[in-house]
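Only one structure is covered here, and it is reproduced in the block below.
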Amino acid sequence: MTFLYRADPVRGAVWAELLARKMPDLPFRIWPDIGDPREVRYLAAWQPPEDLAARFPNLEVLFSTGAGTDQFDFSVIPGSLPVVRMVESGIINGMVEYATLGVLSAHRDWRTYSGQQREGDWKVHRVHPASSRRVGVLGLGVLGRAVLDSVRRFGFPCAGWSRSPRQIDGVECHAGADGLGQFLARTDILICLLPLTDSTRGILSKPLFDQLPQGATVINVGRGGHLMQEDLLQALDQGQLGGAVLDVCEPEPLPPGHPFWTHPKVVLTPHIASMTQPETAVDAVVDNIRRHREGLPMTGLVDRASGY
Ligand code: NDP
Ligand code: OXD
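For the sequence shown, position 13 (counting from the first letter as 1) is numbered 13 according to this note's numbering, and the numbering increases by one without interruption.
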């Protein structure tokens, strides 16, 4: 019985050490050193191999090394194989830091002041109280809820949007297509933390931007596929949007010469909002293996029907 790891080998070496300590009865291998493929029961991968089913006939669980699974080609993954995404405190804390930074930077005009410094321009803009800046999060899952919990503490009025109705203390919750308009109309800083599925692809588009208050900021930390890039550029250039913070793009890396690299209203980062932390990720995986062995539901089990 083997645990196989197929992602960044440097981080894999840390996984090996941690797993040897926490689950010494489970041999650990790093791709491409797969050993006897019939022995592989657990695979952790950012992207599994295309011949997964034929190559590992006794695989019991496929773990994503990330929180998302949109990078998986589900057509080559047997329907009976449980797929588990990463739910671990390291990813959550990283996302909370990044999203809070994005909200505070937009709220306190950080991009404007950085530009002014380069120009030698000592110019004061009005400081607005947090209570007058409304934050909204698309996606009320593990990450969306953690981000709201953080930004709420600064006094920003907070709202969120999900597929099914949710209730969160201190957060105005909206759901489904019917709830989207009302949610957008009250959102000055919008954070996208949706999974990328057939229903959410391209959601950050002109019709959505037009429903936000003029001058709103969009922070996309979901996936590049959520964003219609031309619509964003137009909304920024026409003043419907005041700024955008983009951690994810399509494609990644963004090609040289793309307008996002130099747009004065865009802050761009290379998909680093959050990263799986081996120490806490291995704890999450060990816990899920134990759950799987005891017939208990695993944390982060992906529902193939909804796509996340
Ligand atoms: P979860 O699965 O826990 O939450 C997803 C949320 O999105 C749920 O609230 C769900 O609604 C909602 N949702 C899904 N589809 C729709 C829809 N069609 N309409 C409305 N709401 C919808 O995911 P996480 O919070 O763990 O992660 C979210 C995403 O963040 C990941 O899929 C990944 O793409 C991205 N990510 C980005 C990182 C980065 O570094 N930039 C790092 C980690 C993750 P409901 O509650 O009703 O199910
Ligand atoms: C993830 C990511 O999904 O890093 O974990 O984007």
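Beta carbons are placed, not taken as given, at the ideal position from N, Cα and C, and that holds for glycine.
Values in this document were obtained by computation on a predicted structure and should not be read as measured data.
query: At a cut-off of 8 angstroms, is Ala-67 close to ligand 2 when judged by its beta-carbon and the heavy atoms of the ligand?
result: yes
- prompt: Start and end of the alpha helix (DSSP H) containing Arg-21?
  reply: 9-22
- request: With distances taken Cα to Cα, identify the nearest neighbour of Ile-191 among Glu-60, Ala-106, Glu-294 and Gln-71.
  value: Ala-106
Thr-100, enclosing alpha helix (DSSP H) - first and last residue: 89-107
Length of the line joining the Cα atoms of Ile-11 and Leu-208: One detail in the question is off: residue 11 reads as Arg in this sequence, not Ile. Cα to Cα, the separation comes out at about 39 angstroms.
field: Closest Cα partner of Glu-60 within the set Glu-50, Pro-78 and Ser-274
entry: Pro-78
task: Indicate the three-state DSSP secondary structure (helix, strand or coil) for Glu-172 in the structure shown.
output: strand
Cβ-based burial, Glu-88 [other Cβ within 10 Å; buried from 16]: buried
query: Given a threshold of 16 other Cβ atoms within 10 Å of its Cβ, counted over all protein chains shown, does His-309 qualify as buried or as exposed?
result: The chain is shown only over 1 to 308; residue 309 falls outside these bounds and no answer can be derived.
- prompt: Out of curiosity, what's the CA-to-CA distance linking Gly-215 and Arg-133?
  reply: 12 angstroms
message: Just checking Ser-199 against ligand 1 - is the residue's beta carbon closer than 8 angstroms to any of the ligand's heavy atoms?
response: yes
query: Does DSSP classify Tyr-42 as helix, strand or coil?
result: strand
- request: Verify the contact flag: Ile-91, CB atom, against every heavy atom of ligand 1, threshold strictly below 8 angstroms.
  value: yes
field: Exposure label - Asp-319; buried when at least 16 CB within 10 Å
entry: This structure gives no information on residue 319, because the portion of the chain shown stretches from 1 to 308.
message: Considering only heavy atoms of ligand 1, does any lie closer than 8 angstroms to the CB of Ala-44?
response: no
- prompt: In terms of alpha-carbon separation, which member of Ala-130, Val-248 and Gly-295 lies closest to Asp-188?
  reply: Ala-130
task: Look at the alpha carbon of Phe-28 and the alpha carbon of Arg-291, and state the distance between them as a whole number of angstroms.
output: 19 angstroms
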